[in-house]
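Position one of the sequence shown corresponds to residue 72 (this note's numbering), numbered consecutively onward.
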Amino acid sequence: MTQEPNIRLSGAILSLILLLSWQPAQAQFTLSGELRPRLEYREGYRRMPAENEKPAAFVYQRSRLNLEYSQDRITTHLSVQNVRAWGQDPQKVHLPSIDIHQAWFELQVNEKLFAKAGRQELKYDNQRFLSVNNWAQPAQKHDMLLLKYHHQSTRLHLGSAFNQSGDLINQNMSNFGTQYPVNNYKYMNFLWFHTPVQQKGKISLLAIAEGKENQNSGNLFIRGTWSVYSTWEFSRFNFMVNPGFQHGKTINGQDIEAYYFRSDISLQPLSAWKTTLGLEYFSGNDFSDPGDPKYRAFDSTHGSGHAHNGSLDYFTNFPSHTRGAGLVNPYFMNRFAINNETNFNIDFHVFALANKYMHNQQIIDKYLGTEVDLTLNYAFNGFTRIQMGYSMMFGTESMGIIRGGSPDRWAHWAFVMVTVQPVFFRSTSG
């Protein structure tokens, strides 16, 4: 009985492929895929290793099939995937494990207005607040309605989501109530506005309102996030600045007053060398002042952490990964182009708490550690990429308190990832 849903899903996909192979006029159909196995050696990933703890090694793979069909101002997209570690299932037992990654349709109302509904990825600006989180093999998606207005280079997007854990009439024989027990937002609305500024700059305004339900009281608490993202490109350097602010209430009803700031400058001293120097700041709570009525730990909402705060992923979930004390992250990144197919990156991250944290009734040192990331990227062909990396964390006792593990152990991690994204079939008629 457990195999039946996946058999039906596989049959539906095959039927859809056969149906769309025949197309009427002005139709476009694309069938593509992604195979992404990643070999990892972990002895310090996400946290420093503890004393006498053995390292881990495994292969984790994402296998994805994408179908997209466009005709008469409507585009539909279906993406199914399987994510698993090699060997996690017995060889002679079938365990269904296919899930829907994306399933949406987009209606072009006119030349400037679009409406997109269903399960979809959200990717805006540098993905600090709304991200696909592509490094994570399952990635991230949202069930929502998205309205888009495009005029030349100006963009205005309005998104709205309302979540439920299922059909309540089948769960409790009642069609009243909207209790939502899933650890996620119950609703989210966002507005994104993007426009060029003169000839050198671009600016984006992002506003997010999230409502989360307290499972004990049933009350819904709303948090607002505001952000400005601006980039400026000049002949010899690029500049980025990104302030943010949060207000509203936590899921426990505490008032929020939190801040975020990031800025960096990128230079290209040589044609094959690009360097970036920057700073990222998340405000945090002062644990030496328990009487503070405000909650001051900034939450990165649905943003990516791997692309911003180091490959070791010590700080990808704010504010929990800093225990609510905030983070200061100066970084120095370098990209070296070896040839048209190959580049090598050397990145440095320094981590420190933004505010005071108490441990055993003592304020700990704010400095947490320094991370070094080495990454080699190679384009094998137009649809295949190979990436290899090695990272080290030089953590302190404070890092052990905040993230766990021992600073006396060598904390390091290595990976090899192959990404193959073939287009199996593409047709255009009309």
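Note that beta-carbon positions come from the ideal geometry of N, C-alpha and C, so glycine has one too.
This structure is a prediction, so every number in the text was calculated from the model and none was measured.
Problem - 8 Å CB neighbourhood of residue 73 in its chain, flanking five on each side removed - result: Along the sequence shown, one-based indexing puts residue 73 at 2. Any reading at residue 73 needs caution, since the residue's pLDDT is 43, under 50, leaving its predicted position unreliable; the model's value is listed next. 166 and 167.
Problem - Pick from 383, 393 and 193 that is closest to residue 461, judged by C-alpha positions - result: As a position in the sequence shown, residue 461 is number 390, starting the count at 1. Nearest C-alpha to residue 461: 383.
Problem - Among 106, 144 and 201, nearest to residue 97 - alpha-carbon criterion - result: In the sequence shown, residue 97 corresponds to position 26, counting from 1. Closest option to residue 97, Cα to Cα, is 144.
Exercise for the section: Note down, in chain order, each residue of its chain lying with its Cβ closer than 6 Å to the Cβ of residue 264, except the 5 sequence neighbours on either side. Expected result: Stepping through the sequence shown from its first residue, residue 264 is reached at position 193. These residues qualify, in order along the chain: 227 and 276.
Exercise for the section: Decide yes or no for the touch test of the segment 122-136 against the segment 148-159: beta carbon pairs closer than 8 Å, at least 3 of them. Expected result: yes
Exercise for the section: Go through the segment 324-374 residue by residue and report every complete run of the alpha helix (DSSP H) that reaches 4 residues or more, in order. Expected result: none
Handout entry: When 164, 148, 456 and 323 are compared against residue 171, the one with the closest alpha-carbon
Key = Locating residue 171 in the sequence shown gives position 100, counting from the first residue. Considering only alpha carbons, the answer is 148.
Exercise for the section: Would you check if the distance between the CB atom of residue 163 and the CB atom of residue 177 is smaller than 7 Å? Expected result: Walking along the sequence shown from the start, residue 163 turns up at place 92. Walking along the sequence shown from the start, residue 177 turns up at place 106. No.
Exercise for the section: Mind listing, in chain order, the continuous beta strand (DSSP E) runs of no fewer than 3 residues lying wholly within the segment 108-171? Expected result: 127-142 and 145-156
Practice task
On a CA-only basis, which of 328, 219, 107 and 353 is nearest residue 179? Give me that one, please.
Solution key: For the purposes of this step, residue 179 is taken as the residue at position 108 of the sequence shown. The shortest C-alpha separation from residue 179 is found at 219.
Problem - Check whether residue 392 and residue 114 have beta carbons under 7 Å apart - result: Along the sequence shown, read from residue 1 onward, the residue named residue 392 stands at position 321. Along the sequence shown, read from residue 1 onward, the residue named residue 114 stands at position 43. No. Outside cutoff.
Practice task
Closer than 8 Å by C-beta to residue 354: which residues in its own chain qualify, once you throw out the five before and the five after it? Chain order, please.
Solution key: Position 283 of the sequence shown holds residue 354. Excluding positions up to five away in sequence, the list reads 329, 330, 331, 367, 368, 369, 397, 425 and 426.
Problem - Reduced DSSP category for residue 483 - H, G, I as helix; E, B as strand; rest coil - result: Numbered from its first residue, the sequence shown carries residue 483 at position 412. Reduced to three states, the DSSP call for residue 483 is strand.
Problem - First and last residue of the uninterrupted alpha helix (DSSP H) at residue 471 - result: Your numbering for residue 471 matches position 400 in the sequence shown. Per DSSP, residue 471 belongs to the alpha helix (DSSP H) from 468-474.
Handout entry: Closest Cα partner of residue 269 within the set 312, 225 and 250
Key = As a first step, residue 269 must be located in the sequence shown, where it is residue number 198. With distances taken between Cα atoms, residue 269 lies closest to 225.
Problem - For residue 500 and residue 372, the rounded distance between their alpha carbons - result: For this step, residue 372 is matched to residue 301 along the sequence shown. For this step, residue 500 is matched to residue 429 along the sequence shown. Roughly 42 Å separates the two Cα atoms.
Handout entry: Contact set for residue 184: own chain, Cβ-Cβ below 6 Å, skip 5 residues either direction
Key = Reading the sequence shown from its first residue, position 113 is the one you call residue 184. Excluding residues within five positions, the ones whose Cβ falls inside 6 Å are 220.
Handout entry: Assigned secondary structure, residue 306 (DSSP; H/G/I helix, E/B strand, else coil)
Key = By one-based count along the sequence shown, residue 306 stands at place 235. Coil at residue 306, not helix or strand.
Problem - Simplified DSSP state of residue 318, which is helix, strand or coil - result: Residue 318 sits at position 247 when you count from the first residue of the sequence shown. Residue state, collapsed to three classes: strand.
Exercise for the section: Spell out a yes or no on whether the segment 442-462 and the segment 474-493 are touching, meaning 3 or more CB-CB pairs, one atom from each, closer than 8 Å. Expected result: yes
Practice task
Count the CB pairs spanning the segment 285-292 and the segment 302-310 that are closer than 8 Å, and state whether there are at least three.
Solution key: no
Exercise for the section: Tell me, to the nearest whole angstrom, how far the beta carbon of residue 439 is from that of residue 476; I am working on the premise that it is less than 8 Å. Expected result: Here residue 439 is taken as the residue at index 368 of the sequence shown, counted from 1. Here residue 476 is taken as the residue at index 405 of the sequence shown, counted from 1. Actually they are not in contact, since the Cβ atoms of residue 439 and residue 476 sit about 12 Å apart, beyond 8 Å.
Problem - Pick from 405, 161, 451 and 125 that is closest to residue 112, judged by C-alpha positions - result: To locate residue 112, count along the sequence shown from 1; it is residue 41. The shortest Cα separation from residue 112 among 405, 161, 451 and 125 belongs to 125.
Problem - Span separating the alpha-carbon of residue 395 from that of residue 196 - result: In the sequence shown, counting from the first residue as 1, residue 395 sits at position 324. In the sequence shown, counting from the first residue as 1, residue 196 sits at position 125. One C-alpha to the other measures close to 26 Å.
Problem - Selection from 474, 99 and 135 that minimises the alpha carbon distance to residue 492 - result: Reading the sequence shown from its first residue, position 421 is the one you call residue 492. Minimum Cα distance to residue 492 is reached at 135.
Practice task
Look at residue 490 and residue 118 and say whether their C-beta atoms are less than 7 Å apart.
Solution key: Counting from 1 along the sequence shown, the entry for residue 490 is found at position 419. Counting from 1 along the sequence shown, the entry for residue 118 is found at position 47. The answer is no: Cβ separation not under 7 Å.
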